[in-house]
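Below is one structure; the comments refer to it alone.
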Amino acid sequence: KGQRQHHRVLLKAPTLAEMEEMNISEEEDSP
Amino acid sequence: RPVNIPRKEKDFQGMLEYKKEDEPKLVKNLILELKPRGVAVNLIPGLPAYILFMCVRHADYLNDDQKVRSLLTSTINGIKKVLKKRGDDFETASFWLSNTCRFLHCLKQYSGEEAFMKHNTPRQNEHCLTNFDLAEYRQVLSDLAIQIYQQLVRVLENLLQPMIVPAMLEHETIQGVSGVKPPGLRKRTSSVADEGTYTLDSIIRQLNTFHSIQCQHGMDPELIKQVVKQLFYIVGAVTLNNLLLRKDMCSWSKGMQIRYNVSQLEEWLRDKNLMNSGAKETLEPLIQAAQLLQVKKKTDEDAEAICSMCTALTTAQIVKVLNLYTPVNEFEERVSIGFIRTIQIRLRDRKDSPQLLMDAKHIFPVTFPFNPSSVALETIQIPSSLGLGFLTRV
């Protein structure tokens, strides 16, 4: 189990600007 | 319904379980609708950041990369949204800068990377992320923190700006120093606050407000220092720029008043234990301009003394102050053209910029030094006022 700690999978992240674009469609429905 | 059996804190693992469909509710209640001045006043500093991180930990524990990604993206966008909507409010900017930094520190402290684990307790080390490396998201959060910082500086600047000239230059606290003013300079009023609306006390009070709210939000001490340094720079630059444009500010007595005001600001730094913030150093050009107003300006020795004293002023600034210098009583005289020539010749080899005015809009680059927390995640409780009853402590 201890071994697993050394093999974390890198999660690729979009940039701040890309994130904003992704979000526009998702949250517009909330009042 | 299952009976809610109270558990001991040691039974918790410092995670918060939530359903994927509750993620928008989490962002709404914890970020979008949380008012720093309302419920948040009584929270432990950085609580929103800890809660979000504990949710990330649970998604990591489930090995659900989509859930982790989605939460991080919604969190970052939520914070951006709040700042877009209420970012001109000082408390909102300060609150979310503090929490964004705390979230970033959590992602480092529990990343499992040894460099960030040095100050962890053994229990904290057990709480490190197990499945995912979120280094790229840390970079995005750091970029976000820079944006919020810049926004915060602009907000603080807007609040401080109207006070600077009236308080630092126009208002006279030292009674009797100015003596008789030269004819024609007496009634000049260039700011709305000339009636004494703003004094140095107004600036000090404003600095106190900024400082106490930042402390209340748990802003990193190193970050508070950077904010204060930036504010002092703005005060110094705006004051000096106005001095360089106003003949009525270039007198021996104004020099005295400015030095007194600067000493009060320095006193404030000392009182708040911020002397090592670099804030005082940003006032150096103003301090030297005030000294320049007060020293003798006649002989070659005087010229030499001025040149070795005024290292933080450009030649253009030194010459301008000398040209504007206006005696306020019969014991003083204008600076002779010959003296100014001497100064210019002596400073010829200086390779400084021809710039007269300081860039009052300049923002120093900000850094967010790692600041691990001693808070034990498993002890964190969520007040019901946050409306996060759908989160389960794990």
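Listed in order, the protein sequences are those of chains A and B. Letter 24 of the first sequence, counting from 1, is numbered 1103 in the working numbering, and no numbers are missing. Letter 82 of the second sequence, counting from 1, is numbered 898 in the working numbering, and no numbers are missing. For every residue, glycine included, the Cβ atom is placed at its ideal position computed from N, Cα and C.
Fill in: Ile1198 of chain B beta carbon less than 8 angstroms from that of Ile895 of chain B
No, the pair does not count as a contact, with Cβ atoms beyond the cut-off.
Worksheet item: When you check each C-beta in the region 869 to 895 of chain B against every C-beta of chain A, which residues fall closer than 8 angstroms?
Response: Residues Asp881, Val884, Arg885, Leu888, Thr889, Ser890, Ile892 and Asn893.
Discussion item. For Cys1066 of chain B and His935 of chain B, what's the separation of their Cα atoms in angstroms?
Written reply: Cα to Cα, the separation comes out at about 54 angstroms.
Worksheet item: Under the three-state reduction of DSSP, which class applies to Gly1154 of chain B: helix, strand or coil?
Response: If DSSP states are grouped into helix, strand and coil, Gly1154 of chain B belongs with the helices.
Worksheet item: First and last residue of the alpha helix (DSSP H) that includes Gln829 of chain B?
Response: No alpha helix (DSSP H) holds Gln829 of chain B; DSSP gives it neither H nor E.
Worksheet item: Looking only at DSSP bridge pairs, what is Arg1209 of chain B linked to?
Response: Arg1209 of chain B is bridged to B:Leu832.
Practice prompt. Along the alpha helix (DSSP H) that carries Thr1127 of chain B, what are the first and last residues, could you check?
Written response: Unbroken run through Thr1127 of chain B: none, as it is neither H nor E.
Fill in: Alpha carbon of Thr916 of chain B to alpha carbon of Glu1097 of chain B, nearest angstrom
Cα atoms of Thr916 of chain B and Glu1097 of chain B: separation of roughly 29 angstroms, rounded to the nearest angstrom.
Discussion item. So if I threshold CB-CB distances at 8 angstroms, which residues from the region 945 to 978 of chain B count as touching chain A?
Written reply: Under the 8 angstroms Cβ criterion, the region 945 to 978 of chain B contributes Leu945, Thr946, Asn947, Phe948, Asp949, Leu950, Ala951, Glu952, Tyr953, Gln955, Val956, Asp959, Leu960 and Gln963.
Worksheet item: Shorter than 8 angstroms from the beta carbon of Gly928 of chain B to some beta carbon of chain A?
Response: Yes, its Cβ sits closer than 8 angstroms to a Cβ of chain A.
Worksheet item: Quick one: what's Phe948 of chain B bridged to in DSSP?
Response: DSSP, once it has assigned bridges, lists A:Val1088 as partnering Phe948 of chain B.
Discussion item. Taking the straight line between their C-alpha atoms, what separation do you get for Met1091 of chain B and Leu1081 of chain B?
Written reply: One C-alpha to the other measures close to 11 angstroms.
Fill in: Integer-rounded CB distance, given that Thr889 of chain B should sit under 8 angstroms from Met1098 of chain A
About 5 angstroms; that satisfies the 8 angstroms criterion.
Item to complete: To the nearest angstrom, report how far apart Asp1168 of chain B and Lys1114 of chain B are at their CA atoms.
Response: Each residue's Cα considered, the two are about 24 angstroms apart.
Worksheet item: According to the Cβ coordinates, are Leu816 of chain B and Leu1204 of chain B closer than 8 angstroms?
Response: Because chain B is modelled from 817 through 1210, residue 816 of chain B falls outside the range shown and cannot be assessed.
Worksheet item: Fully enclosed by the region 1162 to 1194 of chain B, which alpha helix (DSSP H) runs are 4 residues long or longer?
Response: The qualifying runs do not exist here; there are none.
Worksheet item: Ends of the alpha helix (DSSP H) at Ala1105 of chain B?
Response: For Ala1105 of chain B, the uninterrupted alpha helix (DSSP H) run begins and ends at Glu1100 to Gln1110, by DSSP.
Practice prompt. State whether the region 1025 to 1043 of chain B contacts the region 841 to 861 of chain B, with contact taken as three or more CB pairs (one from each stretch) at a distance under 8 angstroms.
Written response: The region 1025 to 1043 of chain B makes contact with the region 841 to 861 of chain B, as at least three CB pairs between them are under 8 angstroms.
Worksheet item: Shortest alpha-carbon distance to Leu1090 of chain A belongs to which of B:Val1191, B:Leu832, B:Arg1075 and B:Asp949?
Response: When only C-alpha atoms are compared, the closest one is B:Asp949.
Discussion item. Just verifying my parser: in three-state terms, what is the DSSP assignment at Ile860 of chain B?
Written reply: Ile860 of chain B sits in coil when the DSSP states are folded into three classes, being neither helix nor strand.
Worksheet item: Shortest alpha-carbon distance to Leu887 of chain B belongs to which of B:Leu960, B:Lys836, B:Lys900 and B:Ile1029?
Response: Ranking B:Leu960, B:Lys836, B:Lys900 and B:Ile1029 by Cα distance to Leu887 of chain B puts B:Lys836 first.
Discussion item. Quick check: what's the CA-CA separation for Thr1131 of chain B versus Glu986 of chain B?
Written reply: One Cα belongs to Thr1131 of chain B, the other to Glu986 of chain B, and the distance between them is close to 25 angstroms.
Item to complete: Would you mind sorting Ile1159 of chain B into buried or exposed? The rule is 16 or more other CB atoms within 10 Å of its CB.
Response: Buried, by the Cβ-count rule.
Practice prompt. State buried or exposed for His943 of chain B, treating a residue as buried only when at least 16 other CB atoms are found within 10 Å of its CB.
Written response: Taking all protein chains shown into account, His943 of chain B has 16 or more neighbouring C-beta atoms within 10 Å of its C-beta and is therefore buried.
Fill in: Val1088 of chain A classed as buried or exposed, judged by whether at least 16 other C-beta atoms fall within 10 angstroms
Only exposed fits Val1088 of chain A, as fewer than 16 other CB atoms lie within 10 angstroms of its CB.
Worksheet entry | Within 8 angstroms, strictly: CB atoms of Lys1063 of chain B and Gly1094 of chain B | At least 8 angstroms separates the beta-carbon of Lys1063 of chain B from that of Gly1094 of chain B.
Worksheet item: So Ile1019 of chain B is in the alpha helix (DSSP H); what residue range does that whole segment cover?
Response: Counting along the chain, Ile1019 of chain B sits inside the alpha helix (DSSP H) bounded by residues Leu1016 to Gln1032.
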